[in-house]
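Shown next, in structure tokens, is the structure this report addresses.
What follows is the structure, encoded as structure tokens:
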């Protein structure tokens, strides 16, 4: 009985993230990276280098991206256009549900 109550409470939790923020801050909170093929990758580490950053995924890939509010990856994360998780990254189910329940809003709360 206690497990059902705990699960019901967990499902009602809504996270609010400020909508127009830098990509570095967004990825640092969500820890997911949308690839161009439409899959979500788990982020292992992020290294900030001023206007650029180095993103390393759990797949073992690392790449350099621009830190921008209007980039493709920032828009895809905010609009949730990527829903298929990477099989190599093995993103846990709780992280995907947490990401799907997150609300990106214009006002800070």
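Residue numbers (my numbering): 136 to 244.
All C-beta atoms, glycine included, are put in the ideal place defined by N, C-alpha and C.
None of the values given here were measured: they were computed from a predicted structure.
According to DSSP, which residues form a beta bridge with residue 151?
238
Cβ atoms of residue 178 and residue 187: under 8 Å apart, would you say?
no
Would you call the segment 197 to 211 and the segment 220 to 231 in contact, with 3 or more CB pairs under 8 Å?
no
Please list the terminal residues of the continuous alpha helix (DSSP H) segment that includes residue 205.
Residue 205 -> no alpha helix (DSSP H), and no H or E assigned at all.
Helix, strand or coil, according to DSSP, for residue 228 in the structure here?
In the structure shown, residue 228 sits in a helix (DSSP, three-state: H, G or I).
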